[in-house]
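Participant: Take this structure first; my questions come after.
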Amino acid sequence: MKKLFVVSGSLLAAPIFLFSGISTADAAFLSLLGPQPAECVSRGTSITLLWNTDISGIDKFSLEYTADGTNYSKIAENLPGTNTGYSWVAPNTESSRVRVKLIARNASGEILGEDVSDQDFTIKADCGASDTKPPTFSGVSAWPIFLTGAQIGWTTNEPAISKVEFGLQPSAYTQEVYQYASPWTAAYGTNHAITLSNLLPNTKYYYRVISKDRAGNEGNVKEFAFTTLSYANYVQLVYPNGGECFAPGTKVTVRWNQGTDVDHITLTFHKDRDTLPQPGWFFNSGPGQTPYERGSNAYSWTVPNVETSKAGIMVHFYDADNKPYWGITEIYDINDDYFTISNNCPGGQPAPTTVSYASPTMTVVRGAAKLEDGKPVDAFVWAWSEGGRSRAAKAGFDGKFEMALDRGERWHIGAARDIDGFPYRSFEIVISVTAQASESIELVLRKARTEPLPQPVLVTKSSAEQIVIELQDTARVVVPPAAVPTSPTITVEITPTTEAPSQRQAKVISTVYDITLQDQAGQKVQELQQEIEITLPYKDEDVKTHGVKEDDLVPASYDEDEGEWKTIENHTKDKEKNEIKARVKHLTRFAIISAADIIPPEAPTNKKAVALEGGKVKLSWTNPATDFRHVRIYRSQTQGKFGQVVFDNITSTAVIDSRLTAGTTYYYLIRAVDPGGNESVNTIQLKVNTIPPEEPEPEIQPLATSSMTTSTEATTTILQIEPPALKPEPELEIQPPAPEPRRGFFSRLWQAIVSFFKNLFQKIF
Numbered sequence: 009m010k011k012l013f014v015v016s017g018s019l020l021a022a023p024i025f026l027f028s029g030i031s032t033a034d035a036a037f038l039s040l041l042g043p044q045p046a047e048c049v050s051r052g053t054s055i056t057l058l059w060n061t062d063i064s065g066i067d068k069f070s071l072e073y074t075a076d077g078t079n080y081s082k083i084a085e086n087l088p089g090t091n092t093g094y095s096w097v098a099p100n101t102e103s104s105r106v107r108v109k110l111i112a113r114n115a116s117g118e119i120l121g122e123d124v125s126d127q128d129f130t131i132k133a134d135c136g137a138s139d140t141k142p143p144t145f146s147g148v149s150a151w152p153i154f155l156t157g158a159q160i161g162w163t164t165n166e167p168a169i170s171k172v173e174f175g176l177q178p179s180a181y182t183q184e185v186y187q188y189a190s191p192w193t194a195a196y197g198t199n200h201a202i203t204l205s206n207l208l209p210n211t212k213y214y215y216r217v218i219s220k221d222r223a224g225n226e227g228n229v230k231e232f233a234f235t236t237l238s239y240a241n242y243v244q245l246v247y248p249n250g251g252e253c254f255a256p257g258t259k260v261t262v263r264w265n266q267g268t269d270v271d272h273i274t275l276t277f278h279k280d281r282d283t284l285p286q287p288g289w290f291f292n293s294g295p296g297q298t299p300y301e302r303g304s305n306a307y308s309w310t311v312p313n314v315e316t317s318k319a320g321i322m323v324h325f326y327d328a329d330n331k332p333y334w335g336i337t338e339i340y341d342i343n344d345d346y347f348t349i350s351n352n353c354p355g356g357q358p359a360p361t362t363v364s365y366a367s368p369t370m371t372v373v374r375g376a377a378k379l380e381d382g383k384p385v386d387a388f389v390w391a392w393s394e395g396g397r398s399r400a401a402k403a404g405f406d407g408k409f410e411m412a413l414d415r416g417e418r419w420h421i422g423a424a425r426d427i428d429g430f431p432y433r434s435f436e437i438v439i440s441v442t443a444q445a446s447e448s449i450e451l452v453l454r455k456a457r458t459e460p461l462p463q464p465v466l467v468t469k470s471s472a473e474q475i476v477i478e479l480q481d482t483a484r485v486v487v488p489p490a491a492v493p494t495s496p497t498i499t500v501e502i503t504p505t506t507e508a509p510s511q512r513q514a515k516v517i518s519t520v521y522d523i524t525l526q527d528q529a530g531q532k533v534q535e536l537q538q539e540i541e542i543t544l545p546y547k548d549e550d551v552k553t554h555g556v557k558e559d560d561l562v563p564a565s566y567d568e569d570e571g572e573w574k575t576i577e578n579h580t581k582d583k584e585k586n587e588i589k590a591r592v593k594h595l596t597r598f599a600i601i602s603a604a605d606i607i608p609p610e611a612p613t614n615k616k617a618v619a620l621e622g623g624k625v626k627l628s629w630t631n632p633a634t635d636f637r638h639v640r641i642y643r644s645q646t647q648g649k650f651g652q653v654v655f656d657n658i659t660s661t662a663v664i665d666s667r668l669t670a671g672t673t674y675y676y677l678i679r680a681v682d683p684g685g686n687e688s689v690n691t692i693q694l695k696v697n698t699i700p701p702e703e704p705e706p707e708i709q710p711l712a713t714s715s716m717t718t719s720t721e722a723t724t725t726i727l728q729i730e731p732p733a734l735k736p737e738p739e740l741e742i743q744p745p746a747p748e749p750r751r752g753f754f755s756r757l758w759q760a761i762v763s764f765f766k767n768l769f770q771k772i773f
């Protein structure tokens, strides 16, 4: 690795502190270590009482014992506050209910803390032959080792308490003196682990382990050594590390190593490894930043659409305050050598993206993949025929793709893509392939789930251990010991994806998991010596959406050579937990599948399209009586092309499309969808022209005068109003209600009526 870091201050050389591997509460503690439960002590023999504490201000200790559980007698008092043990001669009192109490006081005599034996022990005349043999040791090791610490572990043949003595120089065995020592552990056991902390980076330490059994016999093993990590290998970019070749748009799992003190890291991309990175980081594992499986030390990165032969990725590490440790201004690692990004790399897009097929029984089908907003997407595209054939292709960055499909068969075509951590999928379009090249099809990808895909997880451990990896969605892999006995360590990685094909005999129901295993040399291991167990989760809504039965779900692995899903026979299904456990000895992609329903439903009948005012269109139809879930409606402005889905999951028999342009021709295709996701195969479109906008009415100039005749007699009033002939609407005529003229006086009321209508017609005309 090419390690780059800048020191802005001297490293600390302060006294080293250490803590035992036993977890404690944040509060101060006082712990009496012995005697232990069921221990027998002969009268008059010496008993070693040990204790640990982190209470400050202790001036003296006192010890007491009880033989009846209630009344206490003194053992010793005013023991120095620096003591951690006392040799007590057991009294002549015989009892099986003996306990010891330890009390800590300050200089004023105030009690700061106390502890009592956890359970009773026994004092009697003769407990039998005394134990004089110290514990024996095995498996002493320093692992894991960190930048500023290490864990020391070992095993004893009998229960014992333990500690570690260590220092910067080898011990003088005759003196057996080390510079530092850990406290005794708090409990007896046979497996021991003590963590040493606050050590210096890149420094060699010498140590020995000490264990003491219940009889007080002490043994030790001398001498071992370890070296703490340096800054250079504390943060380490593992992959890519130089020489790789990636196609734009492909998925690459960036991996790194980091110590336990690291709070978060950032990853930056460099088009030229030797210059500044592209603006900003593309990954930040800090809280609230990029979705990330903390602790996995891996991130699934989409290779950018650039061409370069000098690419680089840099990893930086920070503490919880967003600062490096130990006065380091910047700590990072970058790939040892350049890697390449090019369409000529595996998985890249050929140029031009045309293909030529010699087979006279095939037709080239072309299409485009895009998102709902019309943006093209380089999706993974699959096709399967009802005769059992399958094809796959990768769309270019312009979204265009093409595949040669066998004629005379019905093909189901779909697409998928992982975008910003979310799964996107299209509906499968069903076409009948003939000798003539079909019109270009359009696959529109929509977000398949509201929650993102789990982040990839990568774990490196000893091959002699059982390795358990679990994702956020409860998918899990269990690798037993010796699955790869030829490699000291193995690296297991799980990468969730939605980019996997469905087929006639296999409809993918769950998330797809790409599981890989590498040996210590970085070589992929395909076949294992022991079966691993893979847990694949599924959701009830997925089962419902795909129109399958839970009983029909089975686990499957993808055979890359044959290009098909194959059922895993050795499996168990838990319907309560919605998961399937599969056991295999090989690694590839895994998923839950169900046999595809290939029988399409009947098409809707009585289909009509009627143009409404305001540029709207009303669509109506009659749904099939059986094998029906909902209606899907496509709209296009080009005859013969499906266009985009404008209505889906419609269970009624009519909709109004209002997102239209007035005075425009549209083509609608109304199809039924069954519970298995199959569409009806009708292709006849409904043509409709939206109503153009109304033209403004011509302006009509009002007449200067209106025609009105009034005739009055002493006893008769006849009123006749004739509107002008220039404006046909509204027609208004007031006539006498009876054939005979109404007789009466022409009063002020009639004068008011005449005046009202005269003013009215002047305003109208």
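Residues 9 to 773 (this note's numbering) are what the sequence shown spells out, left to right.
Backbone N, C-alpha and C fix where the C-beta goes; we use that ideal spot for every residue, glycine too.
Please identify the residue among Gly416, Gly382, His638 whose C-alpha is closest to the C-alpha of Glu450.
Facilitator: The residue you call residue 450 lines up with position 442 of the sequence shown. Ranking the options by Cα distance to Glu450, first place goes to Gly382.
Participant: If we ignore side chains and look at the alpha-carbon of each, how far apart do Asn265 and Thr144 end up?
Facilitator: Along the sequence shown, one-based indexing puts residue 265 at 257. Along the sequence shown, one-based indexing puts residue 144 at 136. Distance between the alpha carbons of Asn265 and Thr144: 36 Å.
Participant: Just to check my reading of the structure: Gln272 and Asn292 have Cβ atoms closer than 8 Å, yes? What is that Cβ distance to the nearest angstrom?
Facilitator: Within the sequence shown, residue 272 is the residue found at index 264, counting from 1. Within the sequence shown, residue 292 is the residue found at index 284, counting from 1. It is His, not Gln, that sits at residue 272 in the sequence shown. Right, the Cβ-Cβ distance comes to about 7 Å (below 8 Å), so this counts as a contact.
Participant: Around the C-beta of Val314, are 16 or more other C-beta atoms found within 10 angstroms, so that it is buried, or is it exposed?
Facilitator: Against the sequence shown, residue 314 aligns to sequence position 306. Result: exposed.
Participant: Quick check on DSSP: helix, strand or coil for Glu621?
Facilitator: Here residue 621 is taken as the residue at index 613 of the sequence shown, counted from 1. Helix.
Participant: Determine the burial state of Pro700: buried for a count of at least 16 other Cβ atoms within 10 Å of its Cβ, exposed for fewer.
Facilitator: Translated into positions along the sequence shown, residue 700 becomes position 692. Flag for Pro700 reads exposed.
Participant: In the DSSP output, which residue or residues are listed as bridge partners for Ala400?
Facilitator: Numbered from 1 along the sequence shown, position 392 holds the residue referred to as residue 400. According to DSSP, which records beta bridges pairwise, Ala400 is partnered with Trp390.
Participant: Can you tell me the Cα-Cα spacing of His554 and Lys515, whole angstroms?
Facilitator: As a first step, residue 554 is located in the sequence shown; it is residue number 546 there, counting from the start. As a first step, residue 515 is located in the sequence shown; it is residue number 507 there, counting from the start. Taking the straight line from one Cα to the other gives about 8 Å.
Participant: Got a sec, what are the start and stop residues for the beta strand (DSSP E) Val373 sits in?
Facilitator: Here residue 373 is taken as the residue at index 365 of the sequence shown, counted from 1. Segment 370-379, the beta strand (DSSP E) holding Val373.
Participant: Bridge partners for Pro431 per DSSP, in chain order?
Facilitator: On the sequence shown, position 423 is the one that residue 431 refers to. Asp426.
Participant: What are the partner residues of His594, as DSSP defines its beta bridges?
Facilitator: Sequence index remark: in the sequence shown, residue 594 carries index 586 (1-based). In the DSSP output, where bridge partners are listed per residue, His594 has Glu535.
Participant: Does DSSP put Asp582 in a helix, in a strand, or in coil?
Facilitator: Sequence index remark: in the sequence shown, residue 582 carries index 574 (1-based). The answer is strand: DSSP assigns Asp582 an E or B state.
Participant: Quick check: the Cα distance between Val592 and Lys259, rounded to an integer number of angstroms?
Facilitator: Residue numbering aside, residue 592 sits at position 584 when the sequence shown is read from its first letter. Residue numbering aside, residue 259 sits at position 251 when the sequence shown is read from its first letter. Rounded to whole angstroms, Val592 to Lys259 spans 25 Å at the Cα level.
Participant: What residue range does the alpha helix (DSSP H) around Lys552 cover?
Facilitator: Counting from one through the sequence shown, the residue named residue 552 turns up at place 544. It spans 548-553 - the alpha helix (DSSP H) in which Lys552 sits, taken as one unbroken run.
Participant: Using a Cβ distance threshold of 8 Å, determine whether the segment 625-639 contacts the segment 578-595, with at least three qualifying pairs required.
Facilitator: These segments do not touch.
Participant: At 3 residues or longer, and completely inside the segment 100-155: list those beta strand (DSSP E) runs for me, N to C.
Facilitator: The segment 100-155 contains these whole beta strand (DSSP E) runs: 103-113, 119-124, 129-132, 145-153.
Participant: Apart from the five residues on each side of it in sequence, which residues of its chain come closer than 8 Å, Cβ to Cβ, to Tyr214?
Facilitator: For the purposes of this step, residue 214 is taken as the residue at position 206 of the sequence shown. Phe174, Gly175, Leu176, Gln177, Pro178, Ser179, Tyr186, Glu231, Phe232, Ala233.
Participant: So, helix, strand or coil for Asp559, using DSSP?
Facilitator: Along the sequence shown, one-based indexing puts residue 559 at 551. Residue state, collapsed to three classes: helix.
Participant: Would you tell me roughly how many angstroms separate the C-alpha atoms of Lys141 and Lys220, rounded to the nearest one?
Facilitator: Start at 1 with the first residue of the sequence shown, and residue 141 comes out as number 133. Start at 1 with the first residue of the sequence shown, and residue 220 comes out as number 212. Each residue's alpha carbon lies about 10 Å from the other.
Participant: Between Phe347 and Leu237, which are expected to be in contact by the criterion C-beta below 8 Å, what is the C-beta distance as a whole number of angstroms?
Facilitator: Locating residue 347 in the sequence shown gives position 339, counting from the first residue. Locating residue 237 in the sequence shown gives position 229, counting from the first residue. In fact, because the Cβ distance is near 26 Å, the residues do not count as touching under 8 Å.
Participant: With DSSP run on the structure shown, which of helix, strand or coil describes Ser39?
Facilitator: As a first step, residue 39 must be located in the sequence shown, where it is residue number 31. It is a strand residue.
Participant: Give the range of the beta strand (DSSP E) segment to which Ser440 is assigned.
Facilitator: Translated into positions along the sequence shown, residue 440 becomes position 432. Run containing Ser440: 437-440, per the beta strand (DSSP E) assignment.
Participant: Give me the residue from Thr543, Trp151, Ile55 with the minimum Cα distance to Val97.
Facilitator: One-based indexing of the sequence shown puts residue 97 at position 89. Selected option, being the one with the closest Cα: Ile55.
Participant: So who's on the other strand from Tyr674, going by DSSP bridges?
Facilitator: Translated into the one-based positions of the sequence shown, residue 674 becomes position 666. For Tyr674, which the question treats as bridged, DSSP gives the partners Val696.
Participant: What is the rounded straight-line gap between the Cα of Val487 and the Cα of Gln538?
Facilitator: Start at 1 with the first residue of the sequence shown, and residue 487 comes out as number 479. Start at 1 with the first residue of the sequence shown, and residue 538 comes out as number 530. If I take the Cα positions, the gap works out to 8 Å.
Participant: Ser50 to Thr101, Cα distance in whole Å?
Facilitator: Position 42 of the sequence shown, counted from the start, is the residue given in the question as residue 50. Position 93 of the sequence shown, counted from the start, is the residue given in the question as residue 101. Roughly 10 Å between the two C-alpha positions.
Participant: Residue range of the beta strand (DSSP E) that Ala689 falls in?
Facilitator: Numbered from 1 along the sequence shown, position 681 holds the residue referred to as residue 689. Before going further, note that residue 689 is Val rather than Ala in the sequence given. Note, Val689: premise wrong, no beta strand (DSSP E); not H, not E.
Participant: Classify Thr673 as buried or exposed, calling it buried when 16 or more other Cβ atoms lie within 10 Å of its own Cβ.
Facilitator: In the sequence shown, residue 673 corresponds to position 665, counting from 1. Flag for Thr673 reads exposed.
Participant: Restricting to runs no shorter than 3 residues, where is the beta strand (DSSP E) found entirely within the segment 200-272?
Facilitator: Here the runs fully enclosed are 212-220, 226-235, 244-247, 259-265.
Participant: Helix, strand or coil: which one does DSSP assign to Ile63?
Facilitator: Locating residue 63 in the sequence shown gives position 55, where the first residue counts as 1. Note: Ile63 maps to coil in three-state DSSP.
Participant: Out of Arg281, Asn305, Val311, which has the shortest C-alpha to C-alpha gap to Phe290?
Facilitator: Within the sequence shown, residue 290 is the residue found at index 282, counting from 1. With distances taken between Cα atoms, Phe290 lies closest to Val311.
Participant: What three-state label does DSSP hand Asn1 in the structure shown?
Facilitator: Residue 1 lies beyond the residue range present for the chain, which begins at 9 and ends at 773; the question has no answer from this structure.
Participant: Grouping DSSP H, G and I as helix and E and B as strand, with all else coil, what is Ser719?
Facilitator: Here the question's residue 719 lines up with position 711 in the sequence shown. In this prediction, Ser719 has a pLDDT of 43, which is less than 50 and means its spatial position is unreliable; what the coordinates show is noted afterwards. Ser719 falls in the strand class under three-state DSSP.
Participant: Excluding five sequence neighbours on each side, which residues of the same chain lie with their C-beta closer than 8 Å to the C-beta of Leu694?
Facilitator: Here residue 694 refers to the residue found at position 686 when the sequence shown is read from its first residue. Excluding positions up to five away in sequence, the list reads Lys615, Lys616, Ala617, Leu627, Tyr675, Tyr676, Leu677, Ile678.
Participant: In whole angstroms, what is the alpha-carbon distance linking Asp560 and Glu570?
Facilitator: Locating residue 560 in the sequence shown gives position 552, where the first residue counts as 1. Locating residue 570 in the sequence shown gives position 562, where the first residue counts as 1. Cα to Cα, the separation comes out at about 23 Å.
Participant: In three-state DSSP terms, what is Tyr776?
Facilitator: Residue 776 is absent from the structure shown; the chain starts at 9 and stops at 773.
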